[in-house]
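So the structure is just underneath, and the comments pick up after that.
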Amino acid sequence: MADTDKSSKTEPPTEKRLSESRSRGQFAKAPEIGVTFTLIAGVIVILSFGISKAESLGVYTRSIFENIESFKATQEGVVDVFTNSYFTMASIVFPMLVFCFVAALLAEGLQTGFRFTPKALEPKLDKLNPVTGAKRIYGSRALATFGIDLLKFISIGVVVVLAIRYITQDPIFFAPVPIKHVGVFIYKLFIIMLLILALLMGIIAIINYLIQKRKHNQELMMTKEEVKEERRSKEVSPEVKTAQRKKALEFMSRQSLEDVPTADVVVTNPTHFAVALKYERGADLAPIVVAKGEQLIARQIKMIAKEHEVPMVENKSVAQTLYRFGKVGLPIPFELYHVVAEILAFVYKSHAYYFHRLKARRIVAKG
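What follows is the structure, given as C-alpha cells:
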C-alpha cells in the first residue's frame, strides 16, 4: 500500500505545501554544513587572533612562574590564582567561541531561510511510536546517514594520516631546534589540520545536502488528486462570485443614496429598478447616473426621491437599460442620449418649480 501511495505521488509540491512544511520546521538540512562553517570560523579566528592570544597566554604563564616564590599556599592565595587563570583563559577563548557560535547560527539560518518555527519545538507523540522509531533506525534514511558518518570517519582518518606525514618530515624531528620553533610548528600543524578537515567536511556537506534535498522533495510530492483538491479549495464557486458581486453593487448603491436629492429625475421600472439621473447645463457633457438599484435599493431611491420631491418617470425599458449598462458617477451610455433627453425635457416642463429650487441649491453649494 505504501509503495502504491509513493508511486502515485508524481506531482511537485505546490507553494502551499512547501509553506506548510516550512511552518512545521521541515527543511532539507545537512548538519555537516554547520560543522564546516564552524571549522572555517575557527581557522579565521586562529589566523587573526591566534598569535596574539598565544602571546597573552605565554605572558600570563611566565608571570606565574616568575612570581611563584611570592605565592601564598593559603585558601585565599589558591582562590586568587584560579580566579586570575579563569578570567585570563576566558578572555582568550570566549571571543573564539562566540565567533564559532555565530558561524554555526549562520549555517543553520542559510538552510532554513532564517525562519523561526515554534511548531518544530512542540512535542510529538508519534516520535514515541516504536514502529516509527524502527523505520528511522533501519530505513533508507538511516542507511544514508550511516554512509555519511562513514565518510566523516574516513575524512578524520585522512586528516590524521596527512598530519603524521607532515610531522615526520619536519626538521624538528631530525635536529635540535629552539623551543620557539616548537610553538610555530604546532601552530602550522593545527591550521593545516583544520583546513583539510574543513575541505573534506565541506565536500561531505554538499553531498549530504543534495541527498537531503532530494528526499525532502520526494516526501512533499503530491498526487494529482491532492493538487486538484488544493486548486478547488482556492477557487470560488460561481454562485459565491455572483453573490459577492451583488453585495458589492448593493453597497455602492447604498453609498450613492445620499446623492438622490440632487437628481433631476428618477427613472423607474416601476417596481424592480430605479435609476437617478443628474444633468447640469454647462457642467455636465451628458446626464450622470447618481444612484441606481433594484428591489430594496430601488424602493429606497423612490422613497428618498418622493421625500425631496424629485420627479419620477416610469419607463420600463429605459430603467432596465440604465440599470444594466449605466455606472454610478459616469455619464449614461451614448445610445440612451435621445430618449433620456426627451424624459428630461418632459420633467423640465412639468416640474419647473422643482428645478428652480434645485438650481438655487446647486448655486449655494458651489458658492
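In terms of our numbering, the sequence shown opens at residue 52 and continues consecutively.
Beta carbons: idealized from backbone N, C-alpha and C, even for Gly.
| Asked | Found |
| --- | --- |
| Straight-line Cα distance separating A334 from N320 | 28 Å |
| Cβ neighbour criterion (16 or more within 10 Å) applied to A141 | exposed |
| Of the residues F88, Q263, Q269, the one placed nearest T196, counting alpha carbons only | Q263 |
| Terminal residues of the alpha helix (DSSP H) in which K343 lies | Run containing K343: none in the alpha helix (DSSP H); it sits in the beta strand (DSSP E), 339-345. |
| Extent of the continuous beta strand (DSSP E) to which V317 belongs | 316-319 |
| Beta-carbon proximity check, P362 vs D315, cutoff 9 Å | yes |
| Contact the region 154-163 vs the region 109-116: 3+ CB pairs below 8 Å | no |
| Nearest to P384 (by Cα), restricted to the options L328, R408, Y260 | L328 |
| Minimum C-alpha distance to L98 - residue among R75, M354, I355, Y238 | Y238 |
| CA-to-CA distance, K60 to S81, given in whole angstroms | According to the sequence shown, residue 81 is Ala rather than Ser. Approximately 25 Å, taken between the alpha carbons. |
| At least 3 beta-carbon pairs within less than 8 Å: the region 241-254 vs the region 201-208 | yes |
| Contact check, V94 vs L246, beta carbons under 9 Å | yes |
| Bridge-paired residues (DSSP) for V326 | V318, K343 |
| C-alpha gap between F376 and R332, whole angstroms | 23 Å |
| K343 classed as buried or exposed, judged by whether at least 16 other C-beta atoms fall within 10 angstroms | buried |
| Per-residue DSSP class, three states only, for P64 | coil |
| Continuous alpha helix (DSSP H) stretch holding E393: start and end | 388-401 |
| Cβ pair V340, K279 closer than 9 Å | no |
| Member of F167, V391, V211 whose CA lies at the smallest distance from the CA of R73 | F167 |
| Cα-Cα separation between A53 and K266, rounded to whole angstroms | Residue placement at A53 is flagged as unreliable, the pLDDT there being 46, under the threshold of 50; the coordinate-derived value follows with that caveat. Whole-angstrom Cα-Cα distance: 16 Å. |
| Pair within 9 Å by beta-carbon distance, I242 and I199 | no |
| Status (buried if at least 16 other CB within 10 Å, exposed otherwise) for E393 | exposed |
| Cβ pair P64, L261 closer than 9 Å | no |
| For Q269 and R68, the rounded distance between their alpha carbons | 12 Å |
| Straight-line Cα distance separating F88 from F152 | 10 Å |
| Reduced DSSP category for M272 - H, G, I as helix; E, B as strand; rest coil | coil |
| Counterpart residues of K382 in DSSP-defined beta bridges | The amino acid at residue 382 is misidentified as Lys; the sequence shows Pro. Per DSSP, I339. |
| L148, buried or exposed, once every other Cβ within 10 Å from all chains shown has been counted against 16 | exposed |
| Check whether V311 and V364 have beta carbons under 9 Å apart | no |
| A349 and T313 closer than 9 Å at C-beta | no |
| Element boundaries [beta strand (DSSP E), containing V364] | 363-365 |
| Buried versus exposed call for E127 [16 or more other C-beta atoms within 10 Å across all chains shown] | exposed |
| A155 (DSSP reduced to helix, strand or coil) | helix |
| Beta-carbon proximity list for Y405, same chain, < 7 Å, skipping 5 on both sides | E360, P362 |
| Rounded separation between A155 and F145 - CA only | 15 Å |
| Environment of G164 [buried if 16+ CB atoms lie within 10 Å] | exposed |
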